[in-house]
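Structure record follows, encoded as structure tokens.
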């Protein structure tokens, strides 16, 4: 089955799609560095390194079974102030235009959970209505990457559509209610440094915000979060590469300092010794990219590509379930609408404990 990957970035979604059995025949990506990274692992597709608004997709009608992609999400993230409809960065209308021109059997659309929040929910509902008007049965959920074998607490919104039936989501494979535990960051990275990390100090906070976990709250300043060696990493940010890069506590000071504060100890000052920021390669491994994949561009551009991408392992979990349903093959562990929980905010979740 043939696929077009829109807003492909370095190709995290495409890697998962291909692993699931799809054939990616074209991708669209405006950023030249991300496109160069993409081409390094997919030389056979047709590549559109241009503004999607200049691309006509009508020639693909009858030749493509699935449209996949994550329209730029800045307007809908909390950091983007939820500007939503009317924001020039909103590329969801272009995604829908592609669906109308190509008329594929199905689609996978990925975005940030912020699109479902109260302030932007009317716009999200309008998008769902437009997708349904294109002739698709719609299903959507917010999933945690950690529940599908990614060592990262990364929540993403996925919308699935199909012309002839409702596509269901794969049940979580990792977590407290699954057959496997969540992967810890160090299970993927090991303890030895990989690649060159930014030299940005981590300092003790003057007014630490103490939480039950040593790896939560704001006990340290300098941006980024301390990585819990036994659990999944916090979301890898596209703004990594400087002070917002997560870091490893190589000397084991974080739990000791947390206990010190809980016992009523005074806050410390100065730099935290032994704090090492994550390198591009380490961020990519946490995102489940292949170990030998080389990212193009300056280091800041590489961090952005990694942080913006869909983790390939999560992409495979979604794509594999979709592929088998489109072929009417049996799929174990699909989540029916009756198994999906409704949160107090009205958001659909199939994440476990994250």
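In my numbering, the protein residues as written are 1 to 354. The C-beta atom is built at its ideal place from N, Cα and C for all residues, glycine as well.
query                                                                                                                                                                         : result
Which runs of the beta strand (DSSP E) fall wholly inside the stretch 180-247 and span at least 3 residues, in chain order?                                                   : 203-209, 218-221
Grab me the residues of residue 273's own chain with a C-beta within less than 8 angstroms of its C-beta, minus the 5 sequence neighbours each way, in chain order.           : 251, 253
Hey, residue 229 and residue 184 are a contact pair by Cβ (cut 8 angstroms); roughly how many whole angstroms apart?                                                          : 6 angstroms
Determine the closest residue to residue 321 out of 258, 297, 18, 94, with distance taken between C-alpha atoms.                                                              : 18
List the DSSP bridge partners of residue 48.                                                                                                                                  : 28
Check each candidate in 108, 168, 96, 172 and name the one with the smallest Cα separation from residue 158.                                                                  : 108
With distances taken Cα to Cα, identify the nearest neighbour of residue 327 among 162, 289, 5, 313.                                                                          : 162
For residue 162, which beta-bridge partners are listed by DSSP?                                                                                                               : 106, 137
Less than 7 angstroms between the C-beta atoms of residue 222 and residue 243, yes or no?                                                                                     : yes
For residue 182, count neighbouring C-beta atoms within 10 Å of its own C-beta (all shown protein chains included) and say buried if the count is 16 or more, exposed if not. : buried
Rounding to the nearest angstrom, what Cα-Cα distance links residue 104 and residue 60 in this structure?                                                                     : 9 angstroms
Whose C-alpha, out of 68, 315, 154, 305, is nearest the C-alpha of residue 32?                                                                                                : 305
Please list the terminal residues of the continuous alpha helix (DSSP H) segment that includes residue 437.                                                                   : The requested residue 437 is not part of the displayed model; the chain covers only 1 to 354.
So for residue 279, helix, strand or coil by DSSP?                                                                                                                            : coil
Is it true that the stretch 120-139 meets the stretch 276-293, where meeting means three or more beta-carbon pairs spaced less than 8 angstroms apart?                        : no
Hey, how far is the Cα of residue 308 from the Cα of residue 110?                                                                                                             : 11 angstroms
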